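Numbering (our numbering), first residue to last: 7 to 317.
Structure first, then comments.
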Amino acid sequence: MKILLTGLFLTALFTSAFAQSDKGNADAIQTGVSHPFVCCDYSSGKVLIVSADGKVQWEYPAPNCNDLWVLPNGNLLFVTGHGVKEVNRAKDVVFSYQSESEIYACQRLENGNTFIAECNAGRLLEVDPKGEIVKQIHLLPVGKDGGHSFIRNARKLSNGHYLVTHYGEAVVREYDAEGDPLVDFLAPGGPHSAIRLPNGNTLIACGDSGNEPAHVFECDPQGKTVWQVTSEDLPGIKLAFMSGLQRLPSGNTVMTNWLGHGRFGSAPHVIEVTPQKKVVWTFADHKAIKTISTIQLLDVPGDVTKGEILH
């Protein structure tokens with residue numbers, strides 16, 4: 007039977023469920039109070055819907071997927087290595103964009119267009135529902151290849167600016183609406199994702215580039231770190247490569263711990279911590295999922311096209 011549930015119905019269905027406890031069960035895949043969620047498995051090449059009890063409910067092929075969204079209509083918008091797709095729960099493709107460039111970031115805008123960041127080409131695009139480019143900004147000279155590490159996550163901000171993670175440069179850079187650089191936030195280890203918070207601070211997830219320890223940190227508009235999580239803050243949990251982020255209304259932070267680069271099965275895929283860095287949820291199903299590169303919880307209300315979900 008095909009799954010035709012909307013995002014809102016999934017939320018109502020799963021929110022009340024609790025995670026399996028790890029007490030007395032060494033094989034438990036979750037600890038603490040869980041959430042239903044969608045995620046990307048970059049290494050297996052798929053996007054998945056996972057219930058609060060940790061069961062995979064739905065999946066769809068998505069090679070090298072690093073970014074995804076659950077839209078207000080319940081459809082999933084995600085990247086596919088060299089493209090972007092919107093797919094409904096019946097697995098019909100309702101939007102598609104293909105490129106010669108690697109793509110690791112997408113975002114549905116309030117006007118119905120889709121924001122796309124092309125990594126190698128160094129282009130920030132807005133594409134209309136028909137797949138036509140209606141705006142483009144070149145961050146590199148036309149024809150120059152920025153390489154595999156030039157752009158990971160990127161977001162268009164509510165003020166029209168762009169927040170771009172330049173993994174290879176170990177910096178998160180904010181650009182104005184015309185693509186002129188405004189400010190750099192240094193991110194040792196290589197930034198994968200960045201979120202502009204309502205208070206003006208920026209939340210950044212960093213990987214393992216240059217032998218730097220993986221970590222997540224929040225910095226103020228001047229770049230000063232005001233909050234940070236490392237492996238040293240989480241006894242018994244090793245942070246391998248921090249990739250996806252979601253800041254919750256409670257103030258908690260949900261982080262995805264990408265376990266590639268030879269580290270499959272070595273740590274939790276997902277970790278939720280309080281502002282005091284107390285771990286309140288972990289997810290680690292290493293049989294169904296190899297790596298998780300990004301996540302969006304299904305029990306957090308809000309319209310992603312209006313910036314109401316901080317992901």
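In this text, a Cβ means the ideal position worked out from N, Cα and C, and glycines have one as well.
No experiment lies behind these values; they were computed from the predicted model shown.
Thinking C-alpha only, which one of the options is nearest residue i?
i, options, result
"residue 93", "106, 288, 68", "68"
"residue 60", "266, 103, 303", "303"
"residue 52", "58, 86, 81", "86"
"residue 325", "205, 207, 239", "Given that the chain is displayed from residue 7 to residue 317, the structure contains no residue 325 and the question cannot be resolved."
"residue 214", "38, 266, 78, 226", "266"
"residue 148", "286, 163, 127", "127"
"residue 310", "140, 104, 113", "113"
"residue 194", "247, 88, 119", "247"
"residue 291", "273, 120, 283, 144", "273"
"residue 173", "271, 270, 137, 125", "125"
"residue 187", "145, 198, 211, 106", "145"
"residue 226", "237, 218, 208", "208"
"residue 151", "107, 167, 115, 133", "107"
"residue 119", "153, 83, 154", "83"
"residue 306", "284, 255, 293", "255"
"residue 243", "224, 229, 283, 210", "283"
Excluding five sequence neighbours on each side, which residues of the same chain lie with their C-beta closer than 6 angstroms to the C-beta of residue i?
i, result
"residue 8", "Model confidence at residue 8 stands at a pLDDT of 36, short of 50, so the residue's coordinates are unreliable; what they give is reported in the following sentence. Hits under 6 angstroms: 96."
"residue 23", "Any reading at residue 23 is ruled out, since the residue's pLDDT is 39, under 50, leaving its predicted position unreliable."
"residue 123", "111, 130, 157, 160"
"residue 30", "At residue 30, the pLDDT of 37 sits below 50, so the modelled position is not reliable and the matter cannot be decided from this model."
"residue 28", "Only weak support is given to the placement of residue 28: the predicted model assigns it a pLDDT of 44, under 50, and the value that follows is read from those uncertain coordinates. Within the same chain, residue 28 has close Cβ partners 34, 37."
"residue 143", "130, 185"
"residue 90", "103, 112, 122"
"residue 101", "92"
"residue 180", "167, 169, 188, 189"
"residue 45", "54, 298, 301"
Taking 7 angstroms as the limit between beta carbons, can you name the residues of its chain near residue i, skipping five residues before and five after?
i, result
"residue 316", "201, 203, 252, 253"
"residue 164", "313"
"residue 134", "119, 140"
If residue i and residue j are in contact, beta carbons under 8 angstroms, what's the gap, nearest whole angstrom?
i, j, result
"residue 177", "residue 190", "5 angstroms"
"residue 62", "residue 42", "About 11 angstroms; that fails the 8 angstroms criterion."
"residue 235", "residue 222", "5 angstroms"
"residue 121", "residue 132", "6 angstroms"
"residue 299", "residue 250", "6 angstroms"
"residue 40", "residue 289", "7 angstroms"
By Cβ distance below 8 angstroms, which residues in the same chain neighbour residue i in space, the five residues on each side in sequence not counted?
i, result
"residue 258", "278, 279, 280, 281, 286"
"residue 50", "295, 296, 297"
"residue 75", "82, 83, 84, 112, 113, 114, 302, 310, 317"
"residue 78", "13, 309, 310, 311"
"residue 229", "189, 190, 191, 192"
From the DSSP secondary-structure annotation, give me the bridge partner or partners of residue i.
i, result
"residue 111", "123"
"residue 287", "38, 278"
"residue 52", "47, 67"
"residue 190", "179"
"residue 74", "84"
"residue 301", "45"
"residue 146", "Partner(s): none; residue 146 has no beta bridge."
"residue 105", "Paired residues: none, contrary to the question."
"residue 203", "Paired residue(s): none; residue 203 is not in a bridge."
For this session: Count the C-beta pairs between the segment 246–263 and the segment 274–283 that are closer than 8 angstroms, then say yes if the count reaches three, no if not.
Result: In this structure the segment 246–263 lies against the segment 274–283, because at least three pairs of beta carbons, one per stretch, are closer than 8 angstroms.
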